[in-house]
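A.B. asks: Right, I'll just put the structure down here and ask away after.
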Amino acid sequence: MTSNETRRSLPLPPGKLGLPLVGETVSFLRDRDFQKKRREKYGTVYKTHLFGQPTVVLIGSEANRFLFTHDNSYFTATWPESTRILLGPQSLAIQSGNEHTTRRRLMAQAFLPKAIAGYLPGMEQLTHRYLKQWETPREMTWYPELRTYMFDIASTLLIGTETGSETAYLGQIFKTFCGGLFSIPINLPWTQFGKALRSRTLLLEKVEELVRRRQQETEPRTDALGLLLAAKDEQGNGLTLDEIKDQVLLLLFAGHETLTSSLSSFCLLLAQHPQVITKLREEQEQLGFTGSLTMEMLKEMTYLEQVIKEVLRLIPPVGGGFRRVVKSCEFSDYQIPEGWMALYQITQTHQDSSIYPNPKEFDPDRFSLNRTEEKQKAFGFIPFGGGARECVGKAFAMLVLRVFGTHLVHGYDWELLPDQNLELVTVPTPSPRDGLRVKFSRRG
Ligand code: HEM
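In short: position in the sequence shown from 1, add 20, done, that's this note's numbering.
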């Protein structure tokens, strides 16, 4: 262990802090090659200034191991100010220490194997409904449709919204809310942040209405909202209404934004690689799949799992994660000062050619049993983060991707329409600039 004095004599990482206050935030948000350019210039540890804070960016499996194993000692949760305010002070993503551990244990119950299996029938039903609905227009801009579908899945299965109009209303406000999550936190009627803050108030009102309705039911339910309502702390007290509202908002946000992005990447990459669709259909035939799923059958679909992993590797929905440095430390002979932010990098880790040869290529076979490239280095495949703050909804996310992927490939054909911009907008999560325009039809 290096003494504090020696540590202070270590240099800060290379890089620049940019303009006063704003730092490099504008390029971080607007330039999709921000990380790549700086990595090429400064290497895998560099400094910048984001969202009002000096920040050290840490790239690669070793850096991920360092950060994940020191969560709660050198690092604690933090988000840019806009995200922090919009998610609310009692959101799991913001909580730390003991409070984080106990709440996480509680919320994780909604994603245990038994709960996950319980979501399957409802998920299949909703998936069929949306796939059928998309048959009629034949040509559509798919991304907004996928977002509506995903929001319906998250709100129906996790918090039990019941009517189409209720879900559609929530989904609409959520769009504006998500638009401000990573923005400059200036609250004016026309700023992204100001609009998102007003959406937060509307969302909380609606969630409160749902909670009150639920409290009047005699039979407790076992979905995520049911668990939050039944939860007791060590002293036997229930969670406050304000905390339940913040946690529900987080589940809805985390549960649909990232998944919409990964579903759209799945559809895009498969349209560009029809040979992968053929192999998925062969796997379904070999397993005797005729239209109705069981958890056992999903587990046997190993090629489908490889495809999903490769989608999440190549276009990770979450590009990285922020932490606040609570105790000065060192990494790679650079000092990381207390009070700064640290940002670990998922997208860049997944592009490491020493783990993934030809990293830009979409190649699901890299996850096959005889290649297992992701196992070359610990923390080299981290679409869901890692350590104490690893995604709590991972199993739910994998189930959605498997169910959607299976039924889409089994029953439908889709092709990309010409003359569209497929470049990815990356904030808050990757999506094709023109919204993924496709021709969609039922298989003959
Ligand atoms: C945290 C990715 C889906 C709920 C995270 C983190 C990542 C991530 C990378 C860690 C962030 C950090 O290190 O600070 C993803 C991806 C998803 C997905 C790629 C879909 C493909 C979901 C779903 C839910 C969910 C479906 C819930 C329904 C959460 C929550 C946290 C989290 C509550 C905070 C955990 C904590 O701070 O302890 N997710 N997620 N996520 N995710 Fe997900």
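Note that the Cβ used here is the ideal one computed from N, Cα and C, for glycine as well.
Leaving out five residues on either side along the sequence, give the residues of the same chain with a beta carbon under 6 Å from the beta carbon of S111.
C.D. replies: Within the sequence shown, residue 111 is the residue found at index 91, counting from 1. Contacts found: D266 and L270.
A.B. asks: State the Cα-Cα distance for the pair G214 and R220, rounded to the nearest angstrom.
C.D. replies: Here residue 214 refers to the residue found at position 194 of the sequence shown. Here residue 220 refers to the residue found at position 200 of the sequence shown. Roughly 10 Å between the two C-alpha positions.
A.B. asks: Leaving out five residues before and five after R462 in sequence, what residues of the same chain have Cβ atoms less than 7 Å from its Cβ?
C.D. replies: The residue given as residue 462 occupies position 442 in the sequence shown. Hits under 7 Å: E155, G431 and Y432.
A.B. asks: For L37, I'd like the list of residues in its chain whose CB is within less than 8 Å of its CB, leaving aside the five on either flank, ordered along the chain.
C.D. replies: Position 17 of the sequence shown, counted from the first residue, corresponds to residue 37. Hits under 8 Å: G43, E44, K67, T68, H69 and P74.
A.B. asks: In the DSSP assignment, the beta strand (DSSP E) including K134 goes from what residue to what residue?
C.D. replies: On the sequence shown, residue 134 is found 114 positions in, with the first residue counted as 1. Per DSSP, K134 belongs to no beta strand (DSSP E); it is in the alpha helix (DSSP H), P133 to E155.
A.B. asks: Going by alpha carbons, who is nearest to A408 out of L32, S47, E119 and L288?
C.D. replies: Position 388 of the sequence shown, counting from 1, holds the residue named residue 408. Ranked by how close their Cα comes to the Cα of A408, the residues L32, S47, E119 and L288 have E119 in first place.
A.B. asks: So L94 is in the beta strand (DSSP E); what residue range does that whole segment cover?
C.D. replies: Here residue 94 corresponds to residue number 74 of the sequence shown, with the count starting at 1. Per the sequence presented here, residue 94 reads as Tyr, with Leu not at that position. From DSSP, Y94 is part of no beta strand (DSSP E); its letter is neither H nor E.
A.B. asks: What number of angstroms, rounded off, separates the C-alpha of G117 from the C-alpha of G142?
C.D. replies: The residue labelled residue 117 in the question sits at position 97 within the sequence shown. The residue labelled residue 142 in the question sits at position 122 within the sequence shown. Going by the C-alpha atoms only, they are around 35 Å apart.
A.B. asks: Among residues of its own chain, excluding the 5 on either side of Q365, which ones have a beta-carbon nearer than 6 Å to its beta-carbon?
C.D. replies: Residue 365 sits at position 345 when you count from the first residue of the sequence shown. The answer, listed in chain order, is I79 and G340.
A.B. asks: For chain D, find out if any of its Cβ atoms is closer than 7 Å to the Cβ of D383; answer yes or no.
C.D. replies: Protein chain content of the structure displayed is limited to a single chain, and chain D is not contained in it.
A.B. asks: Any heavy atom of the ligand HEM closer than 6 Å to the Cβ of S102?
C.D. replies: To locate residue 102, count along the sequence shown from 1; it is residue 82. Checking every heavy atom of the ligand HEM against the Cβ of S102, none is found closer than 6 Å.
A.B. asks: In chain order, what residues of the same chain have a beta carbon less than 7 Å from the beta carbon of R465, not counting five sequence neighbours either side?
C.D. replies: The shown model of the chain, from 21 to 464, leaves out residue 465, and the question about it has no answer.
A.B. asks: Does DSSP put P438 in a helix, in a strand, or in coil?
C.D. replies: Stepping through the sequence shown from its first residue, residue 438 is reached at position 418. P438 falls in the coil class under three-state DSSP.
A.B. asks: Looking at the structure shown, is L201 part of a helix, part of a strand, or coil, going by DSSP?
C.D. replies: Reading the sequence shown from its first residue, position 181 is the one you call residue 201. Correct three-state label for L201: coil.
A.B. asks: Compute every distance between the C-beta of A135 and the non-hydrogen atoms of the ligand HEM, then say whether any falls below 6 Å.
C.D. replies: For the purposes of this step, residue 135 is identified with residue 115 of the sequence shown, where counting begins at 1. It does not: the Cβ of A135 is nowhere closer than 6 Å to a heavy atom of the ligand HEM.
A.B. asks: Kindly provide the ranges of any alpha helix (DSSP H) runs that are 4 or more residues long and lie completely inside the segment 33–61, ordered along the chain.
C.D. replies: 45–50
A.B. asks: A415: beta carbon under 6 Å from a heavy atom of the ligand HEM?
C.D. replies: Position 395 of the sequence shown holds residue 415. Not a single heavy atom of the ligand HEM lies less than 6 Å from the C-beta of A415.
A.B. asks: Please classify E443: does DSSP put it in a helix, a strand, or coil?
C.D. replies: Here the question's residue 443 lines up with position 423 in the sequence shown. Coil.
A.B. asks: If S282 and P357 are in contact, beta carbons under 8 Å, what's the gap, nearest whole angstrom?
C.D. replies: Taking the first residue of the sequence shown as 1, we reach residue 282 at position 262. Taking the first residue of the sequence shown as 1, we reach residue 357 at position 337. No, S282 and P357 are not in contact; Cβ-Cβ is about 35 Å, not under 8 Å.
A.B. asks: State the beta-bridge partners of Y432 as determined by DSSP.
C.D. replies: Within the sequence shown, numbered from 1, the residue matching residue 432 stands at position 412. Y432 is bridged to R462.
A.B. asks: Thinking C-alpha only, which one of G425, H370, R457 and P452 is nearest H148?
C.D. replies: Residue mapping note: residue 148 aligns to position 128 of the sequence shown, counting from 1. The residue with the shortest Cα to Cα distance from H148 is G425.
A.B. asks: Are the CB atoms of F86 and R351 within a distance shorter than 7 Å?
C.D. replies: In the sequence shown, the residue the question calls residue 351 occupies position 331. In the sequence shown, the residue the question calls residue 86 occupies position 66. In the sequence on display, residue 351 carries Phe and not Arg. Cβ atoms of F351 and F86: closer than 7 Å.
A.B. asks: Locate the alpha helix (DSSP H) running through K215, then write down its first and last residues.
C.D. replies: As a first step, residue 215 is located in the sequence shown; it is residue number 195 there, counting from the start. Its alpha helix (DSSP H) spans residues Q212 to Q235.
A.B. asks: Among P205, T322 and S285, whose alpha-carbon lies nearest the alpha-carbon of L334?
C.D. replies: By one-based count along the sequence shown, residue 334 stands at place 314. With respect to the C-alpha of L334, the residue from P205, T322 and S285 having the closest C-alpha is S285.
A.B. asks: Using beta-carbon positions only, say whether F401 and E394 come within less than 7 Å of one another.
C.D. replies: Against the sequence shown, residue 401 aligns to sequence position 381. Against the sequence shown, residue 394 aligns to sequence position 374. Yes, the pair counts as a contact, with Cβ atoms nearer than the cut-off.
A.B. asks: State the Cα-Cα distance for the pair T96 and L442, rounded to the nearest angstrom.
C.D. replies: Indexing the sequence shown from 1 puts residue 96 at position 76. Indexing the sequence shown from 1 puts residue 442 at position 422. Straight across, the Cα-Cα distance linking T96 with L442 is about 36 Å.
A.B. asks: Could you give the first and the last residue of the continuous alpha helix (DSSP H) run that contains V331?
C.D. replies: Translated into positions along the sequence shown, residue 331 becomes position 311. Taken as a continuous stretch (DSSP letters only), the alpha helix (DSSP H) holding V331 covers T322 to L334.
A.B. asks: For A398, which of helix, strand or coil comes out of DSSP?
C.D. replies: One-based indexing of the sequence shown puts residue 398 at position 378. Of the three classes helix, strand and coil, the one that applies to A398 here is coil, per DSSP.
A.B. asks: Among the candidates A128, I105 and K380, whose CA atom is the shortest distance from the CA of V331?
C.D. replies: By one-based count along the sequence shown, residue 331 stands at place 311. Nearest of A128, I105 and K380 to V331, Cα basis: K380.
A.B. asks: Classify P31 as buried or exposed, calling it buried when 16 or more other Cβ atoms lie within 10 Å of its own Cβ.
C.D. replies: For the purposes of this step, residue 31 is taken as residue 11 along the sequence shown, with counting starting at 1. Burial call: exposed.
A.B. asks: Indicate whether F171 and G191 have their beta-carbon atoms separated by less than 7 Å.
C.D. replies: One-based indexing of the sequence shown puts residue 171 at position 151. One-based indexing of the sequence shown puts residue 191 at position 171. Yes, they are a contact pair.
A.B. asks: For L208, count the other beta carbons within 10 Å of its own beta carbon; 16 or more makes it buried, fewer makes it exposed. Which is it?
C.D. replies: In the sequence shown, counting from the first residue as 1, residue 208 sits at position 188. Exposed is the call here.
A.B. asks: Could you check where the alpha helix (DSSP H) with I366 kicks off and where it finishes?
C.D. replies: Along the sequence shown, read from residue 1 onward, the residue named residue 366 stands at position 346. Element bounds for I366: I366 to T369.
A.B. asks: Determine the burial state of W434: buried for a count of at least 16 other Cβ atoms within 10 Å of its Cβ, exposed for fewer.
C.D. replies: The count along the sequence shown starts at 1 and reaches residue 434 at position 414. Looking at its Cβ environment, which holds 16 or more other Cβ atoms inside 10 Å, W434 is buried.
A.B. asks: Based on Cα-Cα distance, which residue from V445, K459 and L39 lies nearest to D51?
C.D. replies: Start at 1 with the first residue of the sequence shown, and residue 51 comes out as number 31. Out of V445, K459 and L39, V445 has the C-alpha closest to the C-alpha of D51.
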